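Single-structure report; data block below.
In full-length UniProt numbering, the protein residues as written are 1 to 550.
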């Protein structure tokens, strides 16, 4: 046979073997930590890969450190409500205000498009996510979210029992998930292949505990764990777990299996960008015990997903309100006045400044931004996890033994949390695909990992990514045509011990003088779509003087 090898018969060229030996010698952790041994040059076997570093314009964001260098305003705009920040929370608030009849609303966004960490990209093969990429079907009690999904035609109707019917195209197609472990792709992410009887017993015992916690209620009648989390029980029997780490909690209950602990840490890394040691035990349990969605045409806790990820939901939020959005705007001054709040907004494209006088302002911004906008308001305790997200275009994926390619594909023991197949929801399968790799940078403290991530050259990221994929896809480097990388320096809020039910986030969410309001997923302590959506509506209700439903 001549020509390119097929994905089921990967090549073993000397270049690839040499590359793997070099990568193994450096070690993935050392490579990600930016050690002195990290080569700035790609192995020759990777020279055919195109792409680069993309993402937020950090130079623009850093203008906040020296606002005095920005030009004075040349004009003043007036609006009833100004929303600063076009992520899920800001767009959710804008939509709610519009639906309640509030028309004089303006939203300004720093990036060139709204979306926050749910933005997407597109190439000739497919759309693909650059961040959040799925939504589990919600609890029936989360009526505001169900109404949004109905308006978005994600829910197409309800059966006679009141269960939602979801659009089949948006429900994640089978096969859904797999794990590469002990040289084999198994179905599902809970380790099964090659593990001992004791490991299996501990896994069964943990999921029995999860089932009990899903049903548990506090003395106040509330669920022990709920989404939005503000609906969770205030009972100290459950909230006390927030004060200790998930690792400590597991130690106390003698959950020692390395396979179970790997799986639980995978969950923490996946939703929080944290390890067992720096995740609140309450948050760790919430990941497993709070999902209670049901549907007429899907299994409990089924997943909704799109090639572009949650950018689909972002587009729906945008379309369900008509109030204006201004992108490429840097807000660098926030001052209360007798008439409300005066904002200075720098137009990045035009390099001009305008003043905006608003009666009320909603800062739908994370705390690391908010603290630069409001003088003398620094609230400690907010820690953010840095991430690398990479989109790889491939002409095929060499497969190892076991389960075929799924939507979610995870490698046991990898520092990444695996990759999703962006083309999985396409109705017609082809060899050309886009896969999205998610890599939480948890090897070092966030500020150290963040700085090193920004300083790491593109070529080094490529080497690390390919070396990791080669473990489960021998020969994959020959099939990769493009790798684009995005470093999220503050990818998501980290629910560290004591943060969820501590004072910091409640204090940060408190409005100031009925003029300044706040909304962001970090005010929940958990960075998921449902929480950001809730926070936006909560703040919009405060602005309108409505009562929150949580």
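Virtual Cβ for every residue (Gly too), placed ideally from N, Cα, C. Because the structure is a prediction, the values reported are computed rather than measured.
Q.
Alpha carbons only, please: which of 105, 286 and 65 is nearest the one belonging to residue 227?
A. Comparing Cα positions, the closest option is 286.
Q.
Does the segment 125-137 come into contact with the segment 299-311, if we say contact requires no fewer than three beta-carbon pairs (one atom in each stretch) closer than 8 Å?
A. Put simply, the segment 125-137 touches the segment 299-311. At least three CB pairs are less than 8 Å apart.
Q) Are the CB atoms of residue 519 and residue 89 nearer to each other than 8 Å? A) Yes, these two residues count as a Cβ contact at 8 Å.
Q) Can the beta-carbon of residue 439 be found less than 8 Å from the beta-carbon of residue 416? A) Going by beta carbons, residue 439 and residue 416 fall inside the 8 Å limit.
(Q) Taking only three categories from DSSP, how would you classify residue 242? (A) In this structure, residue 242 counts as helix in the three-state DSSP scheme.
Q | The alpha helix (DSSP H) enclosing residue 320, as first and last residue numbers | A | No alpha helix (DSSP H) contains residue 320, which DSSP labels as neither H nor E.
Q.
Can you list, in chain order, the residues of its chain with a C-beta nearer than 7 Å to that of residue 120? Leave out the 5 residues immediately preceding and following it.
A. Excluding five sequence positions before and after residue 120, the CB atoms of its chain that fall closer than 7 Å to its own CB belong to 127, 128, 129, 130, 308, 309 and 311, given in chain order.
Q | Extent of the continuous alpha helix (DSSP H) run through residue 373 | A | Taken as a continuous stretch (DSSP letters only), the alpha helix (DSSP H) holding residue 373 covers 367-373.
Q. Do the CB positions of residue 186 and residue 192 come within less than 8 Å of each other?
A. A contact, by the Cβ cut-off of 8 Å.
**Q.** Segments of 4+ residues assigned as alpha helix (DSSP H) that fall wholly inside the segment 171-243
**A.** Listed in chain order, the complete alpha helix (DSSP H) runs (minimum 4 residues) inside the segment 171-243 are 197-215 and 236-239.
Q. Is it the case that the Cβ atoms of residue 331 and residue 84 are separated by a distance below 8 Å?
A. In this structure, residue 84 lies closer than 8 Å to residue 331 by Cβ.
Q | 8 Å CB neighbourhood of residue 397 in its chain, flanking five on each side removed | A | Only 7, 405, 433, 435, 473, 476 and 479 meet the Cβ criterion.
(Q) Classify residue 484: buried if its beta carbon has 16 or more other beta carbons within 10 angstroms, exposed otherwise. (A) With 16 or more other Cβ atoms from the protein chains shown falling within 10 Å of its own Cβ, residue 484 counts as buried.
Q. Would residue 2 be called buried (16 or more neighbouring beta carbons within 10 Å of its own) or exposed?
A. For residue 2, the pLDDT reaches just 31, beneath the cut-off of 50, and the residue's location in the model is therefore unreliable, leaving the point undetermined.
Q) Roughly how many whole angstroms lie between the Cα atoms of residue 319 and residue 208? A) Residue 319 and residue 208 have their C-alpha atoms spaced approximately 43 Å apart.
Q | Inter-residue Cα distance where the pair is residue 381 and residue 248 | A | Roughly 20 Å separates the two Cα atoms.
Q | Segment contact flag, the segment 525-544 with the segment 216-230, C-beta cutoff 8 Å, min 3 pairs | A | In short, these stretches touch, since the Cβ pair count reaches three.
Q. By Cβ distance below 7 Å, which residues in the same chain neighbour residue 73 in space, the five residues on each side in sequence not counted?
A. Closer than 7 Å at the Cβ level, and outside the excluded window around residue 73, lie 344, 353, 354 and 355.
Q. Applying the criterion that 16 or more other CB atoms from any shown protein chain within 10 Å of the CB defines a buried residue, is residue 367 buried or exposed?
A. Here residue 367 is buried: its Cβ has 16 or more other Cβ atoms, across all protein chains shown, within 10 Å.
Q | Backbone secondary structure at residue 150 - three-state DSSP | A | It is helical.
Q) Which residue comes first and which comes last in the alpha helix (DSSP H) that contains residue 88? A) Taken as a continuous stretch (DSSP letters only), the alpha helix (DSSP H) holding residue 88 covers 88-99.
(Q) Rounded to whole angstroms, what is the Cα-Cα separation between residue 262 and residue 413? (A) Answer to the nearest angstrom: the Cα atoms are 7 Å apart.
Q: Would you decide whether residue 253 is buried or exposed? Buried here means 16 or more other CB atoms lie within 10 Å of its CB.
A: Exposed, by the Cβ-count rule.
**Q.** Residue from 340, 149 and 154 whose Cα sits closest to the Cα of residue 79
**A.** When each option's Cα is compared against that of residue 79, the closest is 340.
Q. Since residue 281 contacts residue 257 with CB under 8 Å, what's their CB separation in whole angstroms?
A. A Cβ-Cβ separation of about 17 Å leaves residue 281 out of contact with residue 257 under the 8 Å criterion.
Q) Which word fits residue 329, buried or exposed, when buried means at least 16 other C-beta atoms lie within 10 angstroms of its C-beta? A) Counting Cβ neighbours within 10 Å, residue 329 comes out buried, since at least 16 surround it.
Q.
Mapping the DSSP letters down to three states, classify residue 465 as helix, strand or coil.
A. Three-state result, residue 465: helix.
Q) Does the distance from the C-beta atom of residue 177 to that of residue 161 stay below 8 Å? A) Against a cut-off of 8 Å, the Cβ pair of residue 161 and residue 177 comes out as no contact.
(Q) Measuring only the C-alpha atoms, how far is residue 421 from residue 334? (A) Rounded to the nearest angstrom, the gap between the Cα atoms of residue 421 and residue 334 is 42 Å.
Q: Taking all protein chains shown into account, decide if residue 196 is buried (16 or more other Cβ within 10 angstroms of its Cβ) or exposed.
A: It is exposed - the Cβ of residue 196 has fewer than 16 other Cβ atoms within 10 Å.
Q.
Can you look up residue 298 in the DSSP assignment and give me helix, strand or coil?
A. Correct three-state label for residue 298: coil.
Q: Give me the Cβ distance between residue 98 and residue 322, rounded to the nearest whole Å; I'm assuming they're in contact under 8 Å.
A: Between residue 322 and residue 98 the Cβ distance is about 7 Å, and since that is below 8 Å, they are a contact.
(Q) Can you look up residue 103 in the DSSP assignment and give me helix, strand or coil? (A) Residue 103 falls in the coil class under three-state DSSP.
Q) DSSP on residue 249, reduced to helix/strand/coil? A) In the structure shown, residue 249 sits in a helix (DSSP, three-state: H, G or I).
Q.
Along the chain, where does the beta strand (DSSP E) containing residue 75 start, and where does it finish?
A. Going by DSSP, residue 75 is part of the beta strand (DSSP E) stretching over 73-84.
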